[in-house]
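Below: the structure, in structure tokens.
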Amino acid sequence: MSSPFLSIVVPAHNEELRLPRSLKRIFAFLEKQPYSVEVIVIENGSSDRTLELARNFAQNQPNLLVLHEERAGKGNAVRRGMLEARGEYRFICDADLSMPIEELEKFLPPAVSNFDVAIASREAPGAVRYNEPSYRHWGGRAINLIIRLLILPGLNDTQCGFKCFRAEAAEKIFRQQTLGGWSFDIEILYLARRKRMSITEIPIHWYFDADSKVSAVRDALRMIGDIFRIHRNALRGRYDLKP
Ligand SMILES: Nc1nc2c(ncn2[C@@H]2O[C@H](COP(=O)(O)OP(=O)(O)O)[C@@H](O)[C@H]2O)c(=O)[nH]1
Ligand SMILES: [Mg+2]
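Counting from 36, one number per residue, gives the positions in the sequence shown under our numbering.
Have a look at this one:
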């Protein structure tokens, strides 16, 4: 198959409840779009029927590719998906569709043009968060402050699970990613900045889903450790090694 216009990459871990519903919504939306598209689900580490249900769905959906990744972590799943994708634009999409899929249009031409990376922002003017408990909101803001101070000045929301990359940018960035867990977004955005790519923030409507795979305390502590790891890697020139 020649390269599709768009690849949608969906990382999935223990998503037997949310994924089938989200895939239905995604394909119902895509049927109405004029462009060619592939959807890639990458599952890893699930103890439920995520993989089986995704494969069942793919039997009736030729544009769906289902992959299983051996290495654990969201970052490892997303890297695999982004590098296996063939689309001219490659969109990371959380399985919970906490951003309605209709907003995808905001990340593609003609709504935006001349970008390397377009990231969903729950902080940019015009964004709206629905139902988010305040401990999560303020925990997220505190982590973002550390991220801005140490790694990504000026980016007010690096952690939202909806991001679009031009193919060339994706190939360059994801090959250099070293983190396999939740903090991969920070590293890939740092790599994009380092390569002087343009990063556009897109305000979205975002609906908090209580069925989160994030553990508020454990994953927040890990993320802070990873922020210092990226900072140290940068100081040691680890991200300079490749073009
Ligand atoms: N493949 C894979 N996906 C993961 C992993 N951890 C989280 N995800 C996916 O990452 C996305 C975001 O997870 P979610 O629980 O919604 O996190 P939250 O929105 O930050 O609360 C979902 O699509 C999850 O299935 C993992 O270890 N492997
Ligand atoms: Mg979510």
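We treat Cβ as the ideally placed atom computed from N, Cα and C, and that holds for glycine.
Sequence-distant residues of its chain with Cβ nearer than 7 Å to residue i (five each side left out)
i      : result
Asp244 : Asp131 and Ser133
Pro39  : Ser71, Val72, Glu73, Arg121 and Gly122
Ile182 : Thr193, Ile221 and Ile262
Ile61  : Ile43, Val74 and Ile136
Gln281 : In the structure as shown, the chain begins at 36 and stops at 278. Residue 281 is therefore absent and cannot be evaluated.
Gly161 : Pro238
Helix, strand or coil at residue i according to DSSP, with G and I counted as helix
i      : result
Phe243 : coil
Ala48  : Contrary to the premise, residue 48 reads as His rather than Ala in this sequence. Three-state result, His48: coil.
Ala107 : coil
Ala251 : helix
Lys59  : helix
Glu158 : coil
Glu78  : strand
Leu190 : coil
Ser169 : helix
Lys198 : strand
Tyr225 : helix
Cβ-based burial, residue i [other Cβ within 10 Å; buried from 16]
i      : result
Arg318 : Absent from the structure is residue 318, since the part of the chain shown begins at 36 and ends at 278.
Asp246 : exposed
Ala251 : exposed
Glu66  : exposed
Ala227 : buried
Leu139 : buried
Ser57  : buried
Ser86  : In the sequence as presented, Ser is not what sits at residue 86; that position holds Leu. By the 10 Å Cβ count, Leu86 comes out buried.
Ligand 1 heavy atom lying under 7 Å from the CB of residue i
i      : result
Pro39  : no
Ile77  : yes
Pro279 : Residue coverage of the chain in this structure runs from 36 to 278, which leaves residue 279 outside it and unanswerable.
Glu66  : no
Ala33  : Within the shown structure, residues of the chain are numbered from 36 to 278, placing residue 33 beyond reach of any answer.
Ala107 : yes
Cβ neighbours of residue i in the same chain (closer than 8 Å, five flanking residues each side left out)
i      : result
Leu118 : Ala205, Glu206, Phe209 and Arg210
Tyr225 : Ile186, Leu187, Ile265, Ala269 and Tyr274
Arg257 : Gly216, Trp217 and Ser218
heavy atom of ligand 2 below 7 Å from residue i C-beta
i      : result
Asp254 : no
Asp129 : yes
Gly122 : no
Asp244 : yes
Ser81  : no
Ser156 : no
Gly196 : yes
Ser247 : yes
Ser233 : no
Ser133 : yes
6 Å CB neighbourhood of residue i in its chain, flanking five on each side removed
i      : result
Ala153 : Phe142, Val147, Cys199, Thr235 and Ile237
Ala93  : Leu99 and Val101
Check your understanding: For the segment 38 to 49 against the segment 120 to 127, are there 3 or more C-beta pairs whose distance is under 8 Å?
Key -> yes
Check your understanding: Using 8 Å as the Cβ pair cut-off and three pairs as the minimum, do the segment 235 to 254 and the segment 157 to 172 touch?
Key -> yes
Review point. Does the segment 47 to 55 come close enough to the segment 71 to 90 to have 3 or more Cβ pairs within less than 8 Å?
Key: yes
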